[in-house]
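Take this note's numbering: the final residue in the first sequence is number 582, and no numbers are missing along the way.
Glycine included, C-beta positions come from ideal geometry on N, C-alpha and C.
The structure presented is a predicted model; accordingly, all values stated were derived computationally and were not measured.
First up is the structure itself, then whatever we jot down about it.
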Amino acid sequence: MLSLEKQLNEKIKNIFKTSGFDEKFAFVKPSDRPDLSDFQCNGALALAKTLKQNPREIGQKIADTLALDNDIATVSVDGPGFINIKLKNEFIAQNMDEMALDSRLGCAKTETPYNVVMDFGGPNVAKALHVGHLRSAVIGESIRRVLSFVGHNVISDVHFGDWGTPMGMILAQIIFEDGDLSKVETYDIESISSFYKRANLRCKENEQAAETARMITAELQNGNKEYVKAWKHLRAVSVAAVKENYDELDAHFDLWLGESDAHEMCGKIVKLANEKSISEVDEGATIIRLPETNKPMPPVILVKSDGGFGYQLTDIATIKMRVDDLKADEIIYVVDKRQSLHFEQVFAVAKMLEIAPSTKLEHVGFGTVNGQDGKPFKTRDGGVMNLKDLIEMSKDKVRSSMPKPNEVEGYGKAEIEKLVSEVAMAAIKFQDLKNTAASGYVFDLEDFAKFDGKTGPYIQYAIARINSIIRKADESGVSQGKIIISESDERALSLKLAAFENAVARTAEQKEPSIMTDYAYNLAQIFSSFYNTCPIMSAVDNEIKASRLKLAALVRDALKQALYLLGIEAPEKMLKAN
RNA sequence: GCGCUCUUAGCUCAGCUGGAUAGAGCAACAGCCUUCUAAGCUGUGGGUCGGGCGUUCGAAUCGCCCAGAGCGCGCCA
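Set out below in structure tokens:
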């Protein structure tokens, strides 16, 4: 089916076409003045500018034709030239009936599906995920779900940080403390992580230690058997730990490749750059200079003076692999926006090397999670907060508001814990996703355990209440019927439902999950008003009862789908302790 | 120094080709549970959209200047 808004746009487009107006202005948007109209078209204003004509006259011409349409209740031209459109209730109702039959809720699949490779997550060996990793995982996963719902073929790759200097630092630290690498394979993630922390400190203070670490890194990359063997263990343990984290976040990765997998290709890229004569050797490093602009554009270091590959080279090589092996039409990096210059450089080199001639490269940068001081968040001891701790904190808060296991029939320990997890994760993810990705936000521990107002649990709660009504309807044999719109809350709710497609489309276009959180919240909010003013099961009129039941079920479907697109679960019931 | 991104209600943030009375949530205050889960609903108060100039019939939105903040700028990733 075509969404209501799209149907309306078709009508307008036809009028523009027959009137000889540029069709690019032929579209409506939900009215800014709900007291005056359901939708407004500002096209006359834009047209007037290009045609140098009176906007009200153009608007009136369009409005007069539109008024003849059977689905339109009233059309008026107001103010400087807004075309205000009010739809007939029957048209909206019929649209809802169609939407209820459509498993995609009015969202047609794209006619031009792409192969999209998504690079998000970005975990590193020996580092547990912390709050800084939250955004990439949560935003990336949401965009992944949205793009694949829209119909693209999305492949996600975690792009594990497993090949840089930190590898040499850890190995060096272990050798420094143990004398050799003989005990490496007995170390778990905690000890590897603590080796890394000590390595970090030591290399900062001691230039000699840093030098040794770089040397070991280079030897590892050149295939030193002893180092490779130890490294394999570090990597395996880290991947296993990180997988657990991502499972809990419900972030899905099709590929678990890492920087190390691009190693061979890195060598080829260096060769290619040399053949094309775009690289040069400077101070012992192999670099590519980029065209001067008005902004600082440092050269890209392919090979460091110690012989190790630079991380930019890894990203460049990975682009080639994604284009060659995965046939990527588009590669999306969901990475901290502080890396924007890095990606600008990498994309520029990819272009110079002609390794991705028809692939769109895009960096979706997100802002940092900041502390009260406006700088990237640090705990009191100067460290970063573990993601696991954040999740536990939120779970504790949820758990304390829940009934104890077996207090509610069918809810033993396992069921309660599942519910606790679903609600806590909803609170955390929604809290993060409701912010525009590009802007950072101030970290407040309390925010991740809030369940009132514009939060994930609020939306889950709306769904749970609808589920409850539907269960009741099933028990008493009441079934859904044709939608009838008579109350203003029914009308408002229907119009919001009709906007689902628009919300999905905008989220996909802008790769901006906050558009979806906003929509989901507004829909849940309008439903809550409806819930209070329009009784369903106790409605006296059977037709109204059947209509409202169907409307409620449709809201549930839309909210569940919206939450799915955000990576959030929708529990059947929301329980609360007395 | 150069560049990028920002500055909207007490706090955290929206604001869809430039448009009509700039919107939410939280916090505050006042109501609503014998009625589909009160994690809810209804209402009230609260903003010279950082400052200035300009473009325009019209600017939170576009341009320039200023002030303030964050981030980035060759061998960490």
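For GLN57, the three-state secondary structure derived from DSSP is coil. Beta-bridge pairing by DSSP links LYS364 to GLU334. By the beta-carbon neighbour count (other beta carbons within 10 angstroms, threshold 16), SER498 is buried.
When the beta-carbon positions are compared, ALA222 and GLY311 come within less than 7 Å of each other.
Of the residues assessed, PRO127 falls on the buried side of the cut-off, its CB having 16 or more other CB atoms within 10 angstroms. Taking all protein chains shown into account, THR169 has 16 or more neighbouring C-beta atoms within 10 Å of its C-beta and is therefore buried. Residue state for ALA581 is assigned as coil, using DSSP reduced to three classes. Residue pairing for VAL424: DSSP places it in no beta bridge. Under DSSP, the beta-bridge partners assigned to THR78 are LYS90. Residue pairing for PRO34: DSSP places it in a beta bridge opposite PHE43.
In this structure, MET578 lies away from LYS476, with their beta-carbon atoms at least 7 Å apart.
In the displayed model, GLY172 falls within a helix according to three-state DSSP. Note that the C-beta distance between ALA289 and ILE320 is not below 7 Å.
When the beta-carbon positions are compared, ILE487 and LYS433 stay at least 7 Å from each other.
Judged by beta-carbon spacing, LEU365 lies beyond the 7 Å limit of LEU276, meaning their Cβ atoms are not closer than that value. A contact is defined here as three or more CB-CB pairs under 8 Å, and the stretch 500–520 fails this definition with respect to the stretch 157–169. Between ALA528 and ALA466, the C-beta spacing is below 7 Å. For LEU306, the uninterrupted beta strand (DSSP E) run begins and ends at 304–307, by DSSP.
Taking one beta carbon from each stretch, the stretch 415–429 and the stretch 493–508 have fewer than 3 pairs nearer than 8 Å; the two do not touch.
Under DSSP, ASP106 forms no beta bridge with any residue.
Pairing ALA360 with ILE323 gives a Cβ-Cβ distance under 7 Å. Its chain contains PRO127 and LEU133 as the residues whose beta carbon lies nearer than 7 Å to that of VAL246, once the 5 sequence neighbours on both sides are disregarded; these appear in chain order.
As summarised for the stretch 207–255, the continuous alpha helix (DSSP H) elements at least 4 residues long and confined to that stretch are 211–225 and 229–253, given in chain order. Its chain contains LEU294, MET301, PRO302, VAL304 and GLN316 as the residues whose beta carbon lies nearer than 8 Å to that of GLN349, once the 5 sequence neighbours on both sides are disregarded; these appear in chain order. For HIS134, the beta-bridge partners assigned by DSSP are ASN390.
Here DSSP, grouped into helix, strand and coil, assigns GLU411 to coil. The shortest CA-to-CA distance from VAL402 to any of GLU491, LEU109, VAL424 and LYS417 is the one to VAL424. As a beta-bridge residue in DSSP terms, THR290 pairs with VAL285 and VAL307.
A contact between stretches requires three or more CB pairs, one per stretch, nearer than 8 Å, and the stretch 560–580 meets this requirement with the stretch 142–149. For GLU94 and ASP36, the gap between their C-alpha atoms comes out near 22 Å.
Only residues of its own chain outside the window of five on either side were considered, and among them GLU9, LEU12, ASN13, ILE16, PHE43, GLN44, CYS45 and ILE89 have a CB closer than 7 Å to the CB of VAL32, listed in chain order. Excluding residues up to 5 positions away in sequence, GLY416 lie with their Cβ nearer than 7 Å to the Cβ of ASN410 in the same chain. Contact between ILE174 and ILE196 holds: CB atoms are separated by about 7 Å, below the 8 Å threshold.
Here TYR191 carries a coil assignment [DSSP, helix/strand/coil].
The straight-line gap separating the alpha-carbon atoms of THR114 and GLU547 is approximately 37 Å. Counting only the Cα atoms, ILE193 lies some 9 Å from VAL129.
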